[in-house]
Amino acid sequence: MTDIRKDFPGVQALKGVSFNVNAGEVHGLVGENGAGKSTLIKILMGAYSKDAGTIDIEGKEVEIHNPVQAKSHGLAAVYQDVMLARHLSVGENFFLGKLPRSPLGLIDWKKVHQVAGETLRELDLSIDSRILVRHLSPAHQEMVTIAKAVYEESKLIVFDEPTALLTNEQVAELFRLIRKLKEKNVGIIYISHRMEEIFSICDRVTILKDGEWVDTLRVSETDQDAIITRMVGRSIGEMYSIHHQERREKVLEVRGLTREPRFRNVDFDLYQGEILGFFGLVGAGRTEILRCVFGADSSDSGEIRIRGRPATIHSPRQGIRAGIGLLPENRKTAGLAMSLGVDINVNLASYDLISRAGFVNLHQEASRARRFVSDLTIRTPSIKQKMRNLSGGNQQKVVVAKWLSRNSAIFIFDEPTVGVDVGAKVEIFKLIEALLAKGNAIILVSSYLPEVMGLADRMIVVYEGRVTGTPRRGEFEEEKILRLASGIVDIGNGGKP
Amino acid sequence: MSGVNRGSHGWLSKVVKFFRTGFAEGILILILLAFFVILSFTSPSFLTLNNLSNLVRQVAIIGVVAIGMTIVIISAGIDLSVGSIVGFSNVLVAVLMTHAVPILPSILIALAAGAALGVLNGVLIHDGRVPPFIATLGMMTAVRGLLMLISDARMIAGLPRPFLKFAQIDILWMPSLFFVWLVVIVLSMVMTTLTRFGRNVFALGSNPEAARLSGINVRATVYGVYAFSALASSIAGILYTSRLANGIPTAGEGYELDAIAAAVVGGASLMGGEGTILGTVLGALIIATLRNGGNLLGINPFILQIAIGVLIVAAVLIDQLNKREDA
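So this is what it looks like as structure tokens:
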């Protein structure tokens, strides 16, 4: 791709970016949100048309105006939201729209599963082509998408944040698959926010910033710091450096919390001024435990005490009254009303506080929204702006504002940095730091260990619905924590500090 | 991916941008004004007090129903039972009055009974987890049966004179029905823009899970939405009785579709979380003016029907192009 330019109304998204990928090469593409990665890929895949510049494939200039053309040139993409027909079988997905027919004009099922099965075996994937896609884990769905691209003899496959939903083991499996693709001389563009992945899988990496090409580096000749500095002008060491607080009184006490079959007998305490990390592999039950504490799901048994007093929390309303705010993992589906304005979302949990006799105090609604927009430096043209037009980092800030404005004292952050770029991550960490300084207590749920290790004062490690360890800051050792999270050792002191 | 290829319809995106820049209802007002200007030149009888008050009388009843529907649509629901509830309250109020119940109690009982049916819709949808389309489809069918049973499928005549007179009187040259509609419009505008309930309805329609996790009482909101819609339909049914001087078992048939059409032309999104009362009012007026003007000009009513169908789809099409531009 040479000198690609693209303007959107009001912004120049790409200011002449050039970029090339060799056959059999994994080429990383990094940059903050808004740097132009997605726009570049969308132009390549025919979803947008470029304003200027050329695209050459195997030395020949090509025109790509729509996804069909992109496909005919051997280009394929694997997005984090898997694009498969969920209610059809794996084999059918391979042949979507062009199922082979037998001489009688009926679908030649034998051939469907034979071809799909061969491709899957070739890639060492143990997936039955007869199974329905919706019965597969997200990881396996992704593998199927990749296998389909291989079957279609794609020359270049784009991976856009492919590991967002995967566990460490699944990531390893994905990387094995990518290495196999390399052997087949397929070119790969790999987009990720996770530096570790760039370093373990890529050959070269291109950095974009504000729609401009910054640098293309050989991975073997650079390090994380160099890349991050080029991306944001900030080094990695500073990222997790937040100011910790002395821990003060106990605000939350959880004893024997059980919700079968997801988790049982969970005990833990939370103190004012601390960050309590919840770490575990995907599916270990971390999110489920905290949803119960908040009241989003109800527990089978167990006791919750808030500041020493027993609390009944069976609904989000009761959780909110107890001073808990939940920032859910998927802010688009569970945290925000995307078609409504910033002002309504900031106040979403507080309308009982700013209404009288059922009437909303419009003045307070607007002034509170304005205050939090400026306090949290939420970038939006106006408080009436619809949420869906804000960037991921700014959306996350609005969710924080929602609970800050409700005067919550306990903030549960569930995977707050999934899908946000380095710059926005740092802003979220600063936000957590500010919340701590105000005397709040923070629970941080993450499946990204460096993040929990970098931020938490104490950690609760969960494995298959049980607490397997509660190391403190200073005792954090990556290997030991991973063992706890895999259920290999069990110190099991019941979560007491 | 259906051609999100910007280059190929540049002119279209310009048109769309024009639609977006003003406030959304601006374009509807322009369309309505254009209709008025064209019709007053082409038909001498259009811009007469007689015709306009006739137009308003026609639109007022369905206009009230459409406002209830709008609230339901904003909450990401749908209410197919509105037409049957119009018929139900029409027949019920007539039966009560012909059985010597005084006018005011008759009206109040009909309103309460209608609203109760709405709450039942809410219970089915929230507690029974029946999709709104199915719950209200069942309600539509069952209530129509119920009112046929009550009325013996016959017209009910002999209603008290003062009750019938209500729909005939004019205030400031405008029919009284118009003022009832106006009151409903104003009250529901207040409800959607100024009250906590209004905020809850929008939040629920935009993202039910986020609404629940923000502590919004989802049950009360769903009940309220369907009760409001049914109450609006009951009001419409009583106006209908007064206007046509009879309890008519087929009253309100097909109203659900007219009400949805008005809301959708007015910019409400069936995906929920979007819609305004003013938009629906304008939508209802545009459709009614099209019908009325078409009749005056002697246009084949079937052609008019085609035009209204095109209008409904065009309104949503423009909305979709709008969103695509956003993405």
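Chains as they are written, first to last, in this note's numbering: chain V, 131 to 627; chain C, 20 to 346.
Using N, Cα and C, we set each Cβ at its ideal position, and we do this for glycine too.
Here the C-alpha atom of V:R324 lies approximately 11 Å from the C-alpha atom of V:L159. Judged by beta-carbon spacing, V:G166 lies within the 8 Å limit of V:G341, meaning their Cβ atoms are closer than that value. Listed along the chain, the chain C residues whose CB falls inside 7 Å of the CB of V:P458 are L232. Per the C-alpha coordinates, the member of V:K312, V:K241 and V:E609 positioned closest to V:I276 is V:K312. Cβ-Cβ separation between C:L258 and C:A186: approximately 7 Å, consistent with a contact (criterion under 8 Å). Of all residues in the segment 527-559 of chain V, those with a C-beta nearer than 8 Å to a C-beta of chain C are K532, reading in chain order. For V:V490, the neighbours in chain C by C-beta distance under 7 Å run, in chain order, L213, T214, R215 and R218. Straight-line measurement puts the Cα of V:S429 at about 59 Å from the Cα of C:P194.
Under a 10 Å Cβ-count criterion, V:E326 is classified as exposed, with fewer than 16 other Cβ atoms of the shown protein chains found around its own Cβ. Cβ-Cβ distances below 8 Å link V:L585 to Y370, I372, I405, G407, F559, I562 and L574 in the same chain, with the five nearest sequence neighbours on each side left out; the list follows chain order. Judged by DSSP in its simplified three-state form, V:H157 adopts strand. Along the segment 177-208 of chain C, none of the residues has a CB nearer than 7 Å to a CB of chain V. In this structure the segment 524-532 of chain V touches the segment 455-470 of chain V; the number of beta carbon pairs closer than 8 Å is three or more. About 5 Å separates the CB atoms of V:A499 and V:V476; that is less than 8 Å, so the two are in contact. A straight-line Cα-Cα distance of about 14 Å links C:L289 and C:I337.
Note on C:V209: under 16 other CB atoms within 10 angstroms of its CB, so exposed under the neighbour-count rule.
Excluding five sequence positions before and after V:M583, the CB atoms of its chain that fall closer than 6 Å to its own CB belong to F606, given in chain order. In the DSSP assignment, C:W200 falls outside any beta strand (DSSP E) and lies within the alpha helix (DSSP H) extending over S195 to L213. Under DSSP, no beta-bridge partner is assigned to C:V105.
The contact set of V:G465 on chain C, defined by CB atoms closer than 8 Å, consists of A229 and L232 in chain order. With a 10 Å radius around the Cβ and a threshold of 16 neighbouring Cβ atoms, V:Q354 comes out exposed. Under the three-state reduction of DSSP, V:F149 is assigned to coil, being neither helix nor strand.
DSSP, read as helix, strand or coil, puts C:D338 in helix. Contact note: V:S429 does not reach chain C at a C-beta cutoff of 7 Å; the least C-beta distance is about 16 Å. Look at V:W239 here: in three-state DSSP terms it is helix. Less than 8 Å divides the Cβ of V:L174 from the Cβ of V:A200.
Per the DSSP secondary-structure output, V:W343 pairs in a beta bridge with V:L338. In terms of Cβ geometry, C:G291 and C:I90 do not form a close pair [threshold 8 Å]. Inter-segment contact for the segment 593-612 of chain V and the segment 440-449 of chain V is absent: fewer than three beta-carbon pairs are separated by less than 8 Å.
Burial check for V:L234: the Cβ neighbour count within 10 Å stays below 16, so the residue is exposed.
Beta-bridge pairing by DSSP links V:L382 to V:L400 and V:I436. Within 9 Å of the CB of V:S485, the CB atoms of chain C belong to T214, R215 and R218, in sequence order along the chain.
The C-alpha of V:A279 lies about 17 Å from the C-alpha of V:V151. V:H270 is classed as buried because its beta carbon has at least 16 other beta carbons within 10 Å across all chains shown.
In the three-state DSSP reduction, C:F54 falls in the helix class (H, G or I). In the three-state scheme derived from DSSP, where H, G and I count as helix and E and B as strand, V:D482 is classed as coil.
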